[in-house]
Amino acid sequence: MRVLVLANQKGGVGKTTTAINLGTALAAIGEKVLIADLDPQGNASTGLGIDRQNRRRSTYDVMVGEGTLLEAAKPTAVPGLYIAPSTLDLLGVELEIAPAADRAHRLKKAVADLAKHDDAETGPFTYVLVDCPPSLNLLTINALAAADSVLVPLQCEFFALEGLSQLLATVDQVKRTLNPALTIHGVVLTMFDPRNNLASQVVADVRHHMGDKVYDTIIPRNVRVSEAPSHGKPVLLYDFKCAGSQAYLKLASEIIQREKALRAA
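Under our numbering, the sequence shown has 201 at position 201, and the numbering climbs by one with no breaks.
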């Protein structure tokens, strides 16, 4: 089981959209995927059609030790894709667990328990995707401490590199103190508009600074991608043939290839 964390302290970069659609694309090619929604806003949960009234067990319960990821996991409309939803209770979880000695390792323990007690009927999860809040708080630190790798969605806009440097510094700090095996899986460029000269410049700058850590696939700015969450669906179910859907399928394929290379190394 591989744990990939989607993190960026900037909001509006396509992080949740990438978590939903990457999870869907991985499930579509035969993986069993759990999205752990660690964002109190719960957009990944809503975007996969999980009503707020239907979140009896959530990642809040997991973080405070009152439930497991397997108990929280709910099936979605996509075969092979599950989500552990979030609730607004997560807003106060930092204060609740701050005094605990294991406060940075709550999610890591939950992931380890998931690997041991997976659902025998449907087989083990092969991927856990963690959707983080748009901040570098204790929830994000928990995700990074539990992760094998970090996937960084980066909007093609002027301040992209500035935000990236902050995140990379946090990843380095977590690697030194909490999770020595943590790696950067890759940077996915999102919301690209080819008509915008600045967007093309940002792509060139990010590739210059990050090299082959940047995925070849670029997610375009696409109306259908923006519309899909309001229907409680990934864009792959909402409009399979649109440019956004095809881009996420390519990204999933690229991630699988990178995973094979990492395992062979």
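Note that beta-carbon positions come from the ideal geometry of N, C-alpha and C, so glycine has one too.
Q. Is the segment 55–72 touching the segment 216–229 in the sense that three or more CB pairs, one from each, lie closer than 8 angstroms?
A. Segment contact: the segment 216–229 against the segment 55–72, fewer than three CB-CB distances shorter than 8 angstroms; contact not assigned.
Q | Those runs of the alpha helix (DSSP H) which lie wholly inside the segment 160–225 and span at least 4 residues | A | Within the segment 160–225, complete alpha helix (DSSP H) segments of at least 4 residues are found at 160–177, 197–210, given in chain order.
Q | Limits of the beta strand (DSSP E) - the one that Ala36 falls within | A | Translated into the one-based positions of the sequence shown, residue 36 becomes position 36. First-last of the beta strand (DSSP E) with Ala36: 33–37.
Q: Identify which residue in Lys241, Met1, Lys109, Val206 has its Cα closest to the Cα of Val64.
A: Mapped onto the sequence shown, residue 64 falls at position 64. Nearest of Lys241, Met1, Lys109, Val206 to Val64, Cα basis: Lys109.
**Q.** Buried or exposed (CB count within 10 angstroms, at least 16 for buried), His185
**A.** Position 185 of the sequence shown, counted from the start, is the residue given in the question as residue 185. With at least 16 other beta carbons inside 10 angstroms of its own, His185 counts as buried.
Q) So what does DSSP say about Gln155, is it helix, strand or coil? A) Translated into the one-based positions of the sequence shown, residue 155 becomes position 155. Strand, per DSSP.
Q. Hey, Arg221 and Val214: beta-carbon distance below 8 angstroms or not?
A. Here residue 221 refers to the residue found at position 221 of the sequence shown. Here residue 214 refers to the residue found at position 214 of the sequence shown. With respect to the 8 angstroms criterion, Arg221 and Val214 are not classified as neighbours on the basis of their beta carbons.
Q: Tell me where the alpha helix (DSSP H) around Asp61 begins and ends.
A: For the purposes of this step, residue 61 is taken as the residue at position 61 of the sequence shown. Following the DSSP letters along the chain, one finds Asp61 inside the alpha helix (DSSP H) bounded by residues 59–63.
**Q.** Strand pairing of Val5, partner residues [DSSP]
**A.** As a first step, residue 5 must be located in the sequence shown, where it is residue number 5. For Val5, DSSP records a beta bridge to Val130, Val150.
(Q) For Pro267 and Thr190, what's the separation of their Cα atoms in angstroms? (A) Outside the shown range of the chain, which is 1 to 265, sits residue 267, and nothing can be said about it.
**Q.** Cut-off 6 angstroms between Cβ atoms - residues of its own chain near Leu139, not counting five sequence neighbours on either side
**A.** By 1-based counting over the sequence shown, the position of residue 139 is 139. So the qualifying residues of the chain are Leu38, Pro133.
Q. Just the Cα atoms here: how many angstroms apart are Ala264 and Ala7?
A. Against the sequence shown, residue 264 aligns to sequence position 264. Against the sequence shown, residue 7 aligns to sequence position 7. C-alpha separation (whole angstroms): 26 angstroms.
Q: Verify whether the separation of the beta carbon atoms of Lys32 and Pro99 is less than 8 angstroms.
A: To locate residue 32, count along the sequence shown from 1; it is residue 32. To locate residue 99, count along the sequence shown from 1; it is residue 99. No. Outside cutoff.
Q.
Short of 6 angstroms in beta carbon distance, which residues of its chain neighbour Asn43, apart from the five on each side in sequence? Order them along the chain.
A. Here the question's residue 43 lines up with position 43 in the sequence shown. Closer than 6 angstroms at the Cβ level, and outside the excluded window around Asn43, lie Thr16.
Q.
Taking the straight line between their C-alpha atoms, what separation do you get for Lys241 and Leu88?
A. Taking the sequence shown and counting its residues from 1, one reaches residue 241 at position 241. Taking the sequence shown and counting its residues from 1, one reaches residue 88 at position 88. Between Lys241 and Leu88, the C-alpha separation is close to 34 angstroms.
**Q.** Distance between beta carbons of Thr46 and Gly232, contact taken as under 8 angstroms
**A.** Reading the sequence shown from its first residue, position 232 is the one you call residue 232. Reading the sequence shown from its first residue, position 46 is the one you call residue 46. Sure, about 7 angstroms apart at Cβ, within 8 angstroms.
(Q) Which same chain residues end up closer than 6 angstroms to Val78 when comparing Cβ atoms and leaving out the 5 residues on each side of it in sequence? (A) By 1-based counting over the sequence shown, the position of residue 78 is 78. Taking C-beta separations shorter than 6 angstroms and ignoring five residues to either side along the sequence, the partners of Val78 in its chain run Thr24, Ala27, following chain order.
(Q) Can you check which of these residues, Leu251, Pro234, Gln9, is closest to Ser165 by C-alpha distance? (A) Working through the sequence shown from its first residue, we reach residue 165 at position 165. Cα-wise, what sits closest to Ser165 is Gln9.
Q. If you follow the alpha helix (DSSP H) that Ile255 is part of, which residue opens it and which one closes it?
A. Reading the sequence shown from its first residue, position 255 is the one you call residue 255. Taken as a continuous stretch (DSSP letters only), the alpha helix (DSSP H) holding Ile255 covers 243–264.
Q. What do you reckon, are the CB atoms on Leu351 and Ile255 nearer than 8 angstroms?
A. It is not possible to answer for residue 351, since the shown part of the chain is limited to 1 through 265.
Q.
Helix, strand or coil for Ile97? Go by DSSP, reduced to three states.
A. Here residue 97 refers to the residue found at position 97 of the sequence shown. Annotated three-state conformation of Ile97 is helix, per DSSP.
Q: Using alpha carbons as the reference points, say which of Arg195, Arg52, Pro40, Asp216 lies closest to Asn137.
A: Taking the first residue of the sequence shown as position 1, residue 137 is located at position 137. Looking at the Cα atoms, Pro40 is the closest of the given residues.
Q: Please go through the same chain and pick out, in chain order, the residues whose beta-carbon is closer than 7 angstroms to the beta-carbon of Lys74, but skip the five residues on each side of it.
A: Residue 74 sits at position 74 when you count from the first residue of the sequence shown. Sequence-distant partners of Lys74 (beyond 5 residues in either direction) whose C-beta falls short of 7 angstroms from its own C-beta, in its chain, are Ile50, Tyr82, Ile83, Pro85.
Q | Ala28 - DSSP class collapsed to helix/strand/coil | A | Numbered from 1 along the sequence shown, position 28 holds the residue referred to as residue 28. Look at Ala28 here: in three-state DSSP terms it is helix.
Q. Using the beta-carbon count (16 or more within 10 Å), is Ser58 buried or exposed?
A. Within the sequence shown, residue 58 is the residue found at index 58, counting from 1. Buried, by the Cβ-count rule.
Q: Name the residue from Asp61, His105, Val188 whose alpha carbon lies nearest to the alpha carbon of Gly92.
A: Along the sequence shown, read from residue 1 onward, the residue named residue 92 stands at position 92. Considering only alpha carbons, the answer is Asp61.
Q) For Leu136, which of helix, strand or coil comes out of DSSP? A) Locating residue 136 in the sequence shown gives position 136, where the first residue counts as 1. Leu136 falls in the coil class under three-state DSSP.
Q) In this structure, does DSSP put Ile50 in helix, strand or coil? A) By one-based count along the sequence shown, residue 50 stands at place 50. Coil.
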